[in-house]
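Heads up, the sequence shown is in the working numbering, so the first residue is 10 and it goes up one at a time. Inspection log for the structure reproduced underneath, given as structure tokens.
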Amino acid sequence: MHGGTDHPREPRILGRTAELGHVDRLLAAVDGSGPQVLVLTGEPGAGKSTLVDRAAERGRELGLGILRVRGSEGEAGLGLSGVHQLLHPLLPGDGLPAAQREALDRAFGPDGARYELKLDQLSLCAGVLGLVTEAAARRPLLLLVDDAQWLDLGSVDVLGFLARRLEGRPVVLLLAAREDGVPARFDRDFPQVTVGPLSRTAAGLLLDAQPDPPRGKARAEILRQAAGNPLALIELPRALARGRSADGGQGAAGTTLPLTARLENLFAADLPGLPAPTRQALLLMAAAGAAPLADLIRAAPDLDVVRALDPAERAGLVRVADGRVLPRHPLVRSAVYHAASFHERRQAHLALAAALTEEPDRRAWQLAAAATGQDAEVADALAESAERARDRGGYAAAATALERAAELTPAPDLRARRLLTAAQAAMFAGHPQWVGEMSGRVGGITEDPRLRAEASLLGGWALGVTLRHEDALALLLGVAEACAAPAPGLALDALSTAATSVYNSGAPYYREELRRIGGLIDEDGDPAGRAWVRAVVDPHHERPLLARHLEDGLAALARAETLGNLTALGGTTWILDETGQAVRILGRTMDVLRRAGSAGTNATVTQALALALFENGSWAAAKDAADEAFWMATEAGADNVTAGARVLRATLSALRGDHAAARTQAAEAVHGVDLRRSLSLQVRHRYALGMAAFVAGEHEDAYEQLRAIFTRDFRPVPVHYHASLYHLGDLAAAAVRAGRADDARTVADAVAHALKPDPSPRLAAVLSRAAALLTDTDEAERHFRAALDDPATDAWPFEKALARLDFGEWLRRRRRSVEARAHLGAALECFQRLDARPWTERAAAELRAAGASGPSVGGELTPQERQIAELAAQGLTNRDIAARLYLSPRTVGYHLHKVFPKLGITARAQLRDALSADGPR
Numbered sequence: 010m011h012g013g014t015d016h017p018r019e020p021r022i023l024g025r026t027a028e029l030g031h032v033d034r035l036l037a038a039v040d041g042s043g044p045q046v047l048v049l050t051g052e053p054g055a056g057k058s059t060l061v062d063r064a065a066e067r068g069r070e071l072g073l074g075i076l077r078v079r080g081s082e083g084e085a086g087l088g089l090s091g092v093h094q095l096l097h098p099l100l101p102g103d104g105l106p107a108a109q110r111e112a113l114d115r116a117f118g119p120d121g122a123r124y125e126l127k128l129d130q131l132s133l134c135a136g137v138l139g140l141v142t143e144a145a146a147r148r149p150l151l152l153l154v155d156d157a158q159w160l161d162l163g164s165v166d167v168l169g170f171l172a173r174r175l176e177g178r179p180v181v182l183l184l185a186a187r188e189d190g191v192p193a194r195f196d197r198d199f200p201q202v203t204v205g206p207l208s209r210t211a212a213g214l215l216l217d218a219q220p221d222p223p224r225g226k227a228r229a230e231i232l233r234q235a236a237g238n239p240l241a242l243i244e245l246p247r248a249l250a251r252g253r254s255a256d257g258g259q260g261a262a263g264t265t266l267p268l269t270a271r272l273e274n275l276f277a278a279d280l281p282g283l284p285a286p287t288r289q290a291l292l293l294m295a296a297a298g299a300a301p302l303a304d305l306i307r308a309a310p311d312l313d314v315v316r317a318l319d320p321a322e323r324a325g326l327v328r329v330a331d332g333r334v335l336p337r338h339p340l341v342r343s344a345v346y347h348a349a350s351f352h353e354r355r356q357a358h359l360a361l362a363a364a365l366t367e368e369p370d371r372r373a374w375q376l377a378a379a380a381t382g383q384d385a386e387v388a389d390a391l392a393e394s395a396e397r398a399r400d401r402g403g404y405a406a407a408a409t410a411l412e413r414a415a416e417l418t419p420a421p422d423l424r425a426r427r428l429l430t431a432a433q434a435a436m437f438a439g440h441p442q443w444v445g446e447m448s449g450r451v452g453g454i455t456e457d458p459r460l461r462a463e464a465s466l467l468g469g470w471a472l473g474v475t476l477r478h479e480d481a482l483a484l485l486l487g488v489a490e491a492c493a494a495p496a497p498g499l500a501l502d503a504l505s506t507a508a509t510s511v512y513n514s515g516a517p518y519y520r521e522e523l524r525r526i527g528g529l530i531d532e533d534g535d536p537a538g539r540a541w542v543r544a545v546v547d548p549h550h551e552r553p554l555l556a557r558h559l560e561d562g563l564a565a566l567a568r569a570e571t572l573g574n575l576t577a578l579g580g581t582t583w584i585l586d587e588t589g590q591a592v593r594i595l596g597r598t599m600d601v602l603r604r605a606g607s608a609g610t611n612a613t614v615t616q617a618l619a620l621a622l623f624e625n626g627s628w629a630a631a632k633d634a635a636d637e638a639f640w641m642a643t644e645a646g647a648d649n650v651t652a653g654a655r656v657l658r659a660t661l662s663a664l665r666g667d668h669a670a671a672r673t674q675a676a677e678a679v680h681g682v683d684l685r686r687s688l689s690l691q692v693r694h695r696y697a698l699g700m701a702a703f704v705a706g707e708h709e710d711a712y713e714q715l716r717a718i719f720t721r722d723f724r725p726v727p728v729h730y731h732a733s734l735y736h737l738g739d740l741a742a743a744a745v746r747a748g749r750a751d752d753a754r755t756v757a758d759a760v761a762h763a764l765k766p767d768p769s770p771r772l773a774a775v776l777s778r779a780a781a782l783l784t785d786t787d788e789a790e791r792h793f794r795a796a797l798d799d800p801a802t803d804a805w806p807f808e809k810a811l812a813r814l815d816f817g818e819w820l821r822r823r824r825r826s827v828e829a830r831a832h833l834g835a836a837l838e839c840f841q842r843l844d845a846r847p848w849t850e851r852a853a854a855e856l857r858a859a860g861a862s863g864p865s866v867g868g869e870l871t872p873q874e875r876q877i878a879e880l881a882a883q884g885l886t887n888r889d890i891a892a893r894l895y896l897s898p899r900t901v902g903y904h905l906h907k908v909f910p911k912l913g914i915t916a917r918a919q920l921r922d923a924l925s926a927d928g929p930r
């Protein structure tokens, strides 16, 4: 009928109409018509596995191919075991390109160790995506992931990558996990359905459907204790029946245990009545995890395991099928394991270890589970297992193994070193909270100042990427100052790491501390790191000195291209307005990170690349990079990047005319974030909201948002010493339309004075544009020309196009239309390329007013765009058009998004007239 048990052949599932509706909609979305991922959460016994089973049945009825994996506590430490279980029917992937096939062979093949180079995470993920795509081309797929809370972290990483790339593929994914154990890759960003308690009516129906349904007070007591949990409603009547026969009908009422503990104890209650050989076989099953039956047979040569399991099968505890022993519910495994004594559990693990001599990784984990205390030999075996995992790109598995190896290591300094290495692996795997937890334990193990300092450096990194800048800087600046004389290299590493949090914080105090401590460190240190620190301290003054530091850093990079050099110089070039060079260096940094299989640190670099691409006028690439940074950061728990990438996406939405989406995205980006402690993010958030208001024609609101980027002091200063300055021109544009030019002039004058004597070419152009817009006299022309004349400003095409548009409007209003058309035409070309629709429409209107002639200044419609536009003009919805043209609704929306500016319209209702005026092409 229902429950957490596996009853796939039962026709009815009580009380789950809504949940089944969600599952049906997921299956229907295999054609791309809706979300292709669904996450089921709920307490143990809520019936998630039953819903997964029903999804498998429905999928088969619909002709879908089914791939399944079920997480196992016993294999949680084995890298990629979950993905292997899921994809095993598709391997080895003979039809894939050689590179993808090699990546899969390295990860899952029997001879994976023969490869000399490490397997990077991106190659593995790409191989898995290719394998699934190839299979789906033959038959649409349903991927089922049950008990995801027990999947190994490496598999969770791969599944998260896969889940975010299902669009355009006939694949859907259903993942089920305990409510307190949803993997971080799936806990926020996909549709979730909570499988909650049954209603009292449904619970009563389920209870009454049991073989020996209780009556009277016992029935009420079971309903109360079960609290709507289907598994408890099935198991508690069995316990009551046992109580009647054993103790005169006292029943199971009255327990005060928490629900999950109560259920586990209920499963264990079946064990005493089973024969001793059966309990022994069940304990082997529980200790082995999702192991083949053959492993259990080898571990107990004196026991007929198959026969011993027969009573457990008859009792409904397990099912033996396809060469495996499958518990009716995962809690059976947990209950069996914890019902045994430590001695019994230890003997089971030792027996399994003896049977796994040909599988060193699994053997090491069995020996670790059997350890009675610190054990150098077992610790060494786990450390070797971690090294193999790392060579395959399995940094999460490596971190797990090294953390356990550290616990088993007797020597304190080696224990601290292994824990530190585990934290480093967790950083590369992309788990900052885990990094912080492990690095924080190092100080309690060793007095070695170097190890403690390295641990603080990692802890500071973890705090910084989770938006805890003040805590990060307390650690990092302390390490830098303490190590300045005895270990200047480590001090500069700490200071360079701190510089990122100093920039994001924007607090003047930390910039001064960065300057002061930097002066204590030997000048002969890493030139790239020093250039980054100096640029963060003050990117606007002493530019010749900053240029020399940058040259030294670039020279060092030419001699030795290290990840540290690349990262530091990517940030330095970006902050110093060497944007084109920043794009090149950050792109190169991404290549190095991918080759190293370092997923975790990619998020911060990818966000920096996204910002540089945005400023450089590569908006499509910037959006792709921001999307990638967001997913990486979400998976990594890197809140700073999660929020920042979403703010950039909101900004792009605003600049492309979707002000409603921009406001929603901006609000979601900073939900729960204290922007007072991250001034760079605060400024970028204000800019996104300001531009959304501007394109909506709400100029007063736009001005207030942009004005908040600067203080309200008598002499205003930037809220963030760097990020605020680049929005001064937009502040001036909003001020003119809102009638606030005098106030904006106060800000512009103060900023211009503060940036003397030598602002970057970019900032000089921003200042000149603001001055031109805020000048009422013909002197404005001089400022406009100053904003446009320097060819260096071509590196920031959108900013230059805005200045051209402003100047063209100014010229046209003074009846200088011929001159105006040159500037307006150049601006329009840029806006069209960027798909900046509000400015495309404005520039096109100004061009027409300036006497420009010719067809459709917005550009020609492609044949497909015209076909879609004509259908939309007839009143068809995007879904109707998609069905008629065999496209996805999203593709239809994308084409209409391009059609509107080409036709010079803003609403669907204008399509019919616009197409008539445009004529056939």
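Each residue gets a CB set at the ideal place from its N, CA and C atoms; glycine is no exception.
Task: Where the alpha helix (DSSP H) containing Gly289 begins and where it ends - done: For the purposes of this step, residue 289 is identified with residue 280 of the sequence shown, where counting begins at 1. It is Gln, not Gly, that sits at residue 289 in the sequence shown. Per DSSP, Gln289 belongs to the alpha helix (DSSP H) from Ala285 to Ala297.
Task: Leu476 - DSSP class collapsed to helix/strand/coil - done: Within the sequence shown, numbered from 1, the residue matching residue 476 stands at position 467. Leu476 falls in the coil class under three-state DSSP.
Task: Burial state of Phe723 (16 or more Cβ within 10 Å) - done: By 1-based counting over the sequence shown, the position of residue 723 is 714. It is exposed - the Cβ of Phe723 has fewer than 16 other Cβ atoms within 10 Å.
Open item on the list: On the criterion of 16 or more Cβ atoms from any shown chain inside 10 Å, does Arg352 qualify as buried, or is it exposed?
Closed with: Your numbering for residue 352 matches position 343 in the sequence shown. Arg is not the amino acid found at residue 352; the sequence shown has His there. The residue is exposed, with fewer than 16 neighbouring Cβ atoms inside 10 Å.
Open item on the list: Using DSSP's beta-bridge definition, name the partner residues of Leu6.
Closed with: This structure does not reach residue 6, given that the chain is present from 10 up to 930, and the question cannot be answered.
Task: Enclosing beta strand (DSSP E) for Arg328 [first to last residue] - done: Here residue 328 corresponds to residue number 319 of the sequence shown, with the count starting at 1. Segment Val327 to Ala330, the beta strand (DSSP E) holding Arg328.
Open item on the list: Give the list of continuous alpha helix (DSSP H) stretches no shorter than 4 residues that lie fully inside the region 428-462.
Closed with: Residue ranges of uninterrupted alpha helix (DSSP H) with 4 or more members, entirely inside the region 428-462 and ordered along the chain, are 441-451.
Task: Continuous beta strand (DSSP E) assignments of at least 3 residues falling wholly in the region 159-191 - done: If we require 3 residues or more, the beta strand (DSSP E) runs fully inside the region 159-191 come out as 180-187.
TODO: Excluding the 5 residues preceding and the 5 following Ala816 in the sequence, name in chain order all residues of the same chain whose CB lies nearer than 6 angstroms to its CB.
DONE: Position 807 of the sequence shown, counted from the start, is the residue given in the question as residue 816. One point to set straight first is that residue 816 is Phe, not Ala, in the sequence displayed. Closer than 6 angstroms at the Cβ level, and outside the excluded window around Phe816, lie Phe793 and His832.
Task: Residue range of the alpha helix (DSSP H) that includes Arg34 - done: To locate residue 34, count along the sequence shown from 1; it is residue 25. That run of the alpha helix (DSSP H) goes Thr26 to Ala37.
Task: DSSP three-state assignment for Ala48, whether helix, strand or coil - done: Walking along the sequence shown from the start, residue 48 turns up at place 39. Correcting the residue identity first, residue 48 is Val in this sequence and not Ala. If DSSP states are grouped into helix, strand and coil, Val48 belongs with the strands.
Open item on the list: Our contact map puts His731 next to Pro548 with C-beta atoms below 8 angstroms; I'd like the distance itself, whole angstroms only.
Closed with: On the sequence shown, residue 731 is found 722 positions in, with the first residue counted as 1. On the sequence shown, residue 548 is found 539 positions in, with the first residue counted as 1. With 8 angstroms as the limit, His731 and Pro548 qualify as a contact, their Cβ atoms being about 6 angstroms apart.
Open item on the list: Using the three-state DSSP reduction, which class does Thr871 fall into: helix, strand or coil?
Closed with: The residue labelled residue 871 in the question sits at position 862 within the sequence shown. Coil at Thr871, not helix or strand.
Task: Contact check, Ala378 vs Ala462, beta carbons under 9 angstroms - done: Mapped onto the sequence shown, residue 378 falls at position 369. Mapped onto the sequence shown, residue 462 falls at position 453. Inclusion of Ala378 and Ala462 in the CB contact set at 9 angstroms is not warranted, their separation being larger than that value.
TODO: Taking 9 angstroms as the cut-off, decide whether the C-beta atoms of Gly190 and Ala241 are in contact.
DONE: On the sequence shown, residue 190 is found 181 positions in, with the first residue counted as 1. On the sequence shown, residue 241 is found 232 positions in, with the first residue counted as 1. No, they are not a contact pair.
Open item on the list: For Leu554, count the other beta carbons within 10 Å of its own beta carbon; 16 or more makes it buried, fewer makes it exposed. Which is it?
Closed with: Against the sequence shown, residue 554 aligns to sequence position 545. Classification of Leu554: exposed, given that the 10 Å Cβ count is below 16.
Task: Option nearest Leu36 by Cα separation, candidates Leu183, Leu622, Ala408 and Gly473 - done: For this step, residue 36 is matched to residue 27 along the sequence shown. Closest option to Leu36, Cα to Cα, is Leu183.
Task: Residues of its chain near Met447, where Cβ-Cβ distance is below 7 angstroms and the 5 sequence neighbours each way are ignored - done: What you label residue 447 is simply residue 438 of the sequence shown in a count that begins at 1. Sequence-distant Cβ neighbours of Met447 in its own chain, meaning closer than 7 angstroms and more than five residues away, are Glu412, Leu428, Ala431, Ala432 and Ala435.
Open item on the list: Can you list, in chain order, the residues of its chain with a C-beta nearer than 8 angstroms to that of Glu322? Leave out the 5 residues immediately preceding and following it.
Closed with: Here residue 322 corresponds to residue number 313 of the sequence shown, with the count starting at 1. Apart from the 5 residues on each side of it in sequence, Glu322 sits with its Cβ closer than 8 angstroms to the Cβ of Arg328 and Val329 in its chain, given in chain order.
- [ ] Mind checking which residues open and close the beta strand (DSSP E) that includes Asp945?
- [x] The shown model of the chain, from 10 to 930, leaves out residue 945, and the question about it has no answer.
- [ ] Return the chain-ordered list of same chain residues with a C-beta closer than 6 angstroms to the C-beta of Trp848, the five sequence neighbours on each side being excluded.
- [x] For this step, residue 848 is matched to residue 839 along the sequence shown. Only Phe840 meet the Cβ criterion.
Task: Element boundaries [beta strand (DSSP E), containing Asp155] - done: Numbered from 1 along the sequence shown, position 146 holds the residue referred to as residue 155. Its beta strand (DSSP E) spans residues Leu150 to Asp155.
Task: Given Ser897 as reference, the closest of Val32, Arg821 and Ser42 once Cα atoms are compared - done: Counting from one through the sequence shown, the residue named residue 897 turns up at place 888. Ranked by Cα distance from Ser897, the first of Val32, Arg821 and Ser42 is Ser42.
Task: Thr203 in three-state terms, based on DSSP - done: Within the sequence shown, residue 203 is the residue found at index 194, counting from 1. Secondary structure of Thr203 (DSSP, three-state): strand.
TODO: Determine the contact status of Asp457 and Asp422, defining contact as a CB-CB distance below 9 angstroms.
DONE: One-based indexing of the sequence shown puts residue 457 at position 448. One-based indexing of the sequence shown puts residue 422 at position 413. A contact, by the Cβ cut-off of 9 angstroms.
Open item on the list: Rounding to the nearest angstrom, what Cα-Cα distance links Ala270 and Ser208 in this structure?
Closed with: By one-based count along the sequence shown, residue 270 stands at place 261. By one-based count along the sequence shown, residue 208 stands at place 199. Unreliable placement is indicated for Ala270, whose pLDDT of 49 sits below 50; the coordinate value is still reported in the next sentence. A straight-line Cα-Cα distance of about 22 angstroms links Ala270 and Ser208.
TODO: State the Cα-Cα distance for the pair Arg823 and Ala829, rounded to the nearest angstrom.
DONE: The residue given as residue 823 occupies position 814 in the sequence shown. The residue given as residue 829 occupies position 820 in the sequence shown. Going from the Cα of Arg823 to the Cα of Ala829 covers about 10 angstroms.
Task: Whole runs of the alpha helix (DSSP H) within the region 72-100, excluding any shorter than 4 residues - done: Entirely contained in the region 72-100, the alpha helix (DSSP H) runs reaching 4 residues are, in chain order, 90-96.
- [ ] Give the secondary structure of Val941 by DSSP, where H, G and I count as helix, E and B as strand, and everything else as coil.
- [x] Given that the chain is displayed from residue 10 to residue 930, the structure contains no residue 941 and the question cannot be resolved.
TODO: Decide if the region 670-684 is in contact with the region 708-719; the criterion is three or more beta carbon pairs, one per stretch, under 8 angstroms apart.
DONE: Counting Cβ pairs under 8 angstroms, fewer than three are found: no touch.
Open item on the list: Based on DSSP bridge pairs, tell me the residues matched to Leu335.
Closed with: Within the sequence shown, residue 335 is the residue found at index 326, counting from 1. DSSP, once it has assigned bridges, lists Arg328 as partnering Leu335.
Open item on the list: Please classify Thr941 as buried or exposed, where buried requires at least 16 neighbouring CB atoms within 10 angstroms.
Closed with: It is not possible to answer for residue 941, since the shown part of the chain is limited to 10 through 930.
TODO: Can you grab the Cα-Cα spacing for the pair Val656 / Ala617, in whole Å?
DONE: Indexing the sequence shown from 1 puts residue 656 at position 647. Indexing the sequence shown from 1 puts residue 617 at position 608. Going by the C-alpha atoms only, they are around 13 angstroms apart.
TODO: Determine, using beta carbons only, whether Pro246 and Gln289 come nearer to each other than 9 angstroms.
DONE: Residue 246 sits at position 237 when you count from the first residue of the sequence shown. Residue 289 sits at position 280 when you count from the first residue of the sequence shown. No, these two residues do not count as a Cβ contact at 9 angstroms.
Task: C-beta atoms of Leu376 and Ala398 nearer than 9 angstroms - done: For this step, residue 376 is matched to residue 367 along the sequence shown. For this step, residue 398 is matched to residue 389 along the sequence shown. No; because the gap between Cβ atoms is not below 9 angstroms, this pair is not in contact.
Open item on the list: Given this structure, state the Cα-to-Cα distance separating Gly469 from Gly449, to the nearest angstrom.
Closed with: Residue numbering aside, residue 469 sits at position 460 when the sequence shown is read from its first letter. Residue numbering aside, residue 449 sits at position 440 when the sequence shown is read from its first letter. Distance between the alpha carbons of Gly469 and Gly449: 10 angstroms.
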